[in-house]
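J.:
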Amino acid sequence: MGMLYEGKWRPDDVSAFTRDGQNVSFASGFDGWVMEGRDAKHPVEKNRYALYCNRTCPWSHRALITRQLKGLADVVSLVLLEPAMGEEGWWFGATGEYSDPILNASHLHELYSAADPNYTGRVSVPILWDKNLRTIVSNDSGSIARMFNNHFNCLAAIGGVDFCPDDLLEEIDELNDYIGDRINDGIYRCLLASGQEDFDIAFDSLFCALDRLEEQLSQSRYLLGSAITEPDWRFFPCLLRFDTIYYGLYNCNLRRIVDYPNLWGYTCDLYQTEGLQETIDLDAMKRGYYTIINSRRGDTIIPKGPLIDFNSPHQRHLLGSK
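Going from the sequence shown to this note's numbering is simple: count from 1 and add 209.
Given below as C-alpha cells:
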C-alpha cells in the first residue's frame with residue numbers, strides 16, 4: 210500500500226519496517242480540533258476548511274455524511290480523490306471531479322508532507338484541511354464527524370440536527386467502539402487474515418456482531434432509539450457496501466444484509482434519508498474496491514451486479530419517529 214517515510218513516499222508498507230526490525234517512529238496522525246472562539250488555532254469559519262474524501266472508503270463516507278446532513282456543503286468545501294489507489298496511494302485526476310482545486314496536488318501524500326515535512330506513517334482519508342494555515346487539522350474520521358456535529362452549528366444550513374446528544378454520549382461512544390472493532394475493522398480482518406484459523410475467528414466474530422445488531426434493531430428504529438445518532442452513521446457505510454463488495458470480494462459470505470429482516474429495513478431507512486444519496490456513488494465504490502484488490506490478485510474483472518434496491522419499502526417507521 211505504501212507510506213511516507215520522513216516526508217518521502219516509499220512503496221513499503223508499515224509492516225515492512227516492523228518485519229525488518231527497523232527503529233522507526235510512526236506518526237500518530239493529526240489530532241487538531243476546530244473550535245469556537247477567535248483564539249482557537251482552528252476557529253470555526255466559513256470556507257476556511259476542506260474535506261478531502263474518497264467515495265470508496267467507508268471512513269471517508271461517515272465524515273461526508275455528517276457534512277451533508279448538517280447542512281455544511283456551503284461551509285466546508287469538498288475535494289474528492291480518484292476511487293482507486295495508484296502506485297503512490299490515493300491520487301487526484303488532472304482535471305474534473307477528482308482534481309484538487311486547492312493545492313493542485315497529484316497525490317494525497319503531498320498534503321501530508323506539506324503539513325509535516327518529516328511525516329512518517331500511512332496516508333489515509335479523510336482529512337480536514339485548514340486552507341489558511343495550509344495544514345491538516347485531523348485525519349481521524351470520527352473526530353472530523355464529531356467536529357462537524359458539535360462545533361459548526363452556527364454556520365449549518367440545517368438546524369436542530371444533533372447526532373451526539375449529551376444525554377446519550379456515553380452510549381454513543383460505547384457503541385461506536387463496538388461497531389468500529391467488531392464490524393468496520395472486523396470486515397478487514399477477514400480480508401487480511403493470514404491463514405484459515407485467523408479467517409475463521411474474524412468471520413465468526415463479524416457475523417456474531419451482525420446477529421447482535423439485528424436483534425437490537427428489532428426493538429427500536431435506530432441503534433439507540435427513535436432518533437438517528439452517530440453510531441448509525443458509523444454502521445451505515447458498511448451496510449451499504451456489504452452485499453455488493455464485502456460479501457464476495459472479502460469472503461464475508463455467511464449471509465447478505467438483505468437476508469437480515471431488520472438490518473435490511475434499517476439500511477433502506479437510512480439510505481432514504483433526505484440528502485444522503487448525494488454522498489453515494491455505488492459504481493465508483495465498486496470500481497475502487499475491485500481495482501484495489503484485483504491489482505493484488507492479477508485480475509481486472511469488475512462484476513456488473515448485484516442489483517440492490519435501497520429504495521425498497523421498509524416499515525421501520527412503525528418502531529418510532531425519524
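Cβ atoms here follow ideal geometry from the backbone N, Cα and C, with glycine treated the same way.
Under the DSSP definition of a beta bridge, which residues are partnered with Y480?
T.: Paired residue(s): none; Y480 is not in a bridge.
J.: Along the chain, which unbroken stretches of the alpha helix (DSSP H) at least 4 residues long are found entirely within the stretch 462-528?
T.: Entirely contained in the stretch 462-528, the alpha helix (DSSP H) runs reaching 4 residues are, in chain order, 470-480, 491-506.
J.: Helix, strand or coil for Y455, going by three-state DSSP, please let me know.
T.: The answer is helix: DSSP assigns Y455 an H, G or I state.
J.: Would you call the CB atoms of R271 and S333 closer than 8 angstroms?
T.: The answer is no: Cβ separation not under 8 angstroms.
J.: Which residue from L400, H251, R264 puts its Cα closest to that of A411?
T.: The shortest Cα separation from A411 among L400, H251, R264 belongs to L400.
J.: Enumerated in chain order, which unbroken segments of the alpha helix (DSSP H) with a length of 4 residues or greater are wholly contained in the stretch 285-343?
T.: List check, alpha helix (DSSP H) in window: 318-324.
J.: So, is D375 buried or exposed, given that buried needs 16 or more other C-beta atoms within 10 angstroms?
T.: D375 comes out exposed.
J.: When every heavy atom of the ligand GTP is checked, does at least one fall within less than 7 angstroms of the C-beta of W268?
T.: Only the bare structure without any ligand can be found here, which leaves the ligand GTP out of the picture.
J.: Below 8 angstroms on the Cβ atoms is my guess for F519 versus W442; work out the distance and round it to an integer in Å.
T.: About 15 angstroms separates the two Cβ atoms, so there is no contact after all.
J.: Are three or more beta carbon pairs between the stretch 211-219 and the stretch 302-322 nearer than 8 angstroms?
T.: Enough Cβ pairs lie closer than 8 angstroms, so yes.
J.: Should F451 and L432 be called a contact, given that it needs their Cβ atoms to be closer than 8 angstroms?
T.: It is not a contact, given that the beta carbons lie outside the stated cut-off.
J.: Could you tell me the boundaries of the beta strand (DSSP E) in which L281 lies?
T.: Looking at the DSSP string, L281 is not in any beta strand (DSSP E), and its letter there is neither H nor E.
J.: Within this structure, are the beta carbons of V346 and Y258 separated by less than 8 angstroms?
T.: Taking 8 angstroms as the Cβ cut-off, V346 and Y258 qualify as a contacting pair.
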